[in-house]
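**Student:** Below is one structure. I have some questions about it.
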Amino acid sequence: MTRARYTQVSLDSTPYYHCICRCVRRAFLCGRDHYSGQDYEHRRQWVVDRLAVLGEVFAIDLCAYAVMSNHYHVVVRINEKKASGWSDTEVAERWMQLFRGPEVVKRWLSGQAEGGETLKALEIIGLWRERLYDLGWFMKCLNEYLARRANEEDCCKGRFWEGRYKCQALLDEKAVLQCMAYVDLNPVRAAMAATPEESDYTSIQQRTSAINSTGKQNQTPRLLPLVDDAHVEADDDETVCRFRLMDYLVIVDSTGRAIRHDKRGAVSLEVAGILGRLGIEESTWMRHMRPRKKRLPVAVGGVTRLKEYAARTGRRWVVGQREMIC
8 MTRARYTQVS LDSTPYYHCI CRCVRRAFLC GRDHYSGQDY EHRRQWVVDR LAVLGEVFAI
68 DLCAYAVMSN HYHVVVRINE KKASGWSDTE VAERWMQLFR GPEVVKRWLS GQAEGGETLK
128 ALEIIGLWRE RLYDLGWFMK CLNEYLARRA NEEDCCKGRF WEGRYKCQAL LDEKAVLQCM
188 AYVDLNPVRA AMAATPEESD YTSIQQRTSA INSTGKQNQT PRLLPLVDDA HVEADDDETV
248 CRFRLMDYLV IVDSTGRAIR HDKRGAVSLE VAGILGRLGI EESTWMRHMR PRKKRLPVAV
308 GGVTRLKEYA ARTGRRWVVG QREMIC
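In my numbering, each number is its position in the sequence shown, counted from 1, plus 7.
Structure (structure tokens):
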């Protein structure tokens, strides 16, 4: 028996979820439809652009994505803490980037609401706050937009998606890692790309492009960084389960080399390792990827800023300047 999607989301168990949505019958979301002969390749960018927009509105972080010919995958993290920290004004402004909103809220934003109007506006904004970290509303805003735009292009009406999106809870770090690698390897397994970094419209291509600053000019969604992702300095709460970027890339590359008889493609065993393909010196990354010390650093940042911090907080030394830790 099917269950409502909201019953599958338990933030007490995990904030990480894997969602899949597939087009109805033989319809193609993207790519070339071999049955009709039409080319829908341009629709891939629609998905990526919409994810970028929703990522700036919702308190839902994008960990991984892959846009295939007739379906797409997303791995997300629901960030309730982030939504709770927004002011009422910010919540209203975010929501109204996607929807018009009632007149009472517009009056409240302009400072014209009085008495009961203010209470009603705040009640509505409280509901919006909950929706801004609701996975169902996130997927609704993604799928409905894509369906309407595709139907308009095809000059037709009716169902575009085969049904409700599939949702999978990822309960631990191992599950998150496995699912992200599975999503990033989808084009390789489908023989659409020879290597992960050549897989267009995937999160792993976006991450590897950022390393060498070779990303495309098209709009891209903001990805929840991995540790040391593109030299981002962030707390554990601001990264994907404390995964290190290069460890993840190597795992995906190694997994992609495994031959699976139920899949059409794999990374060739004759191809160089992903570090070599990206032009990354192993010694540099080995130094950069040293394990963290057991003692939590008091501060993390550039050497100059660390010295300023030490002076302001009464500390007389900066330890491990190369690692930028004091």
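Don't be surprised by glycine CBs; every beta carbon is placed ideally from N, CA and C.
Being a predicted model, the structure only gives us computed values, none of them experimental.
Restricting to Cα atoms, I'd like to know which of HIS78, GLU245 and ARG114 is closest to PRO22.
**Tutor:** Checked all of HIS78, GLU245 and ARG114; the closest Cα to PRO22 is GLU245.
**Student:** Per DSSP, GLU39 forms a beta bridge with which residues?
**Tutor:** The sequence shown places Arg at residue 39, not Glu. ASP46.
**Student:** Assign ARG249 to one of three DSSP states: helix, strand, or coil.
**Tutor:** Looking at ARG249 - three-state DSSP - the assignment turns out to be coil, as it is neither helix nor strand.
**Student:** Between the Cα of GLN52 and the Cα atoms of PHE145, VAL82, ALA157 and ALA120, which residue gives the shortest distance?
**Tutor:** Measuring from the Cα of GLN52, the nearest candidate turns out to be ALA157.
**Student:** Residues bridged to THR209 by DSSP?
**Tutor:** THR209 is bridged to ALA73.
**Student:** Put TYR79 into one of helix, strand or coil per three-state DSSP.
**Tutor:** Reduced to three states, the DSSP call for TYR79 is strand.
**Student:** So TRP135 and CYS28 are supposed to be a Cβ contact under 8 Å. How far apart are they, rounded?
**Tutor:** Actually they are not in contact, since the Cβ atoms of TRP135 and CYS28 sit about 24 Å apart, beyond 8 Å.
**Student:** Got a sec, what are the start and stop residues for the beta strand (DSSP E) TYR24 sits in?
**Tutor:** TYR24 -> beta strand (DSSP E) spans 23-29.
**Student:** Leaving out five residues before and five after ALA154 in sequence, what residues of the same chain have Cβ atoms less than 7 Å from its Cβ?
**Tutor:** The answer, listed in chain order, is PHE167 and TRP168.
**Student:** Taking the alpha-carbon positions, what's the ALA237 to GLN212 distance?
**Tutor:** Bear in mind that a pLDDT of 46 at ALA237, under 50, signals an unreliable position, so the number given afterwards is only what the model happens to contain. About 13 Å.
**Student:** Relative to the C-alpha of ALA90, which residue among LEU142, CYS148, CYS186 and CYS174 is closest?
**Tutor:** Cα-wise, what sits closest to ALA90 is LEU142.
**Student:** Would you check if the stretch 63-80 and the stretch 192-202 touch, i.e. whether three or more CB-CB distances between them fall below 8 Å?
**Tutor:** Enough Cβ pairs lie closer than 8 Å, so yes.
**Student:** Give the single residue among MET253, HIS49, VAL257 and ARG84 whose Cα lies nearest to the Cα of ALA66.
**Tutor:** The candidate whose alpha carbon is nearest that of ALA66 is ARG84.
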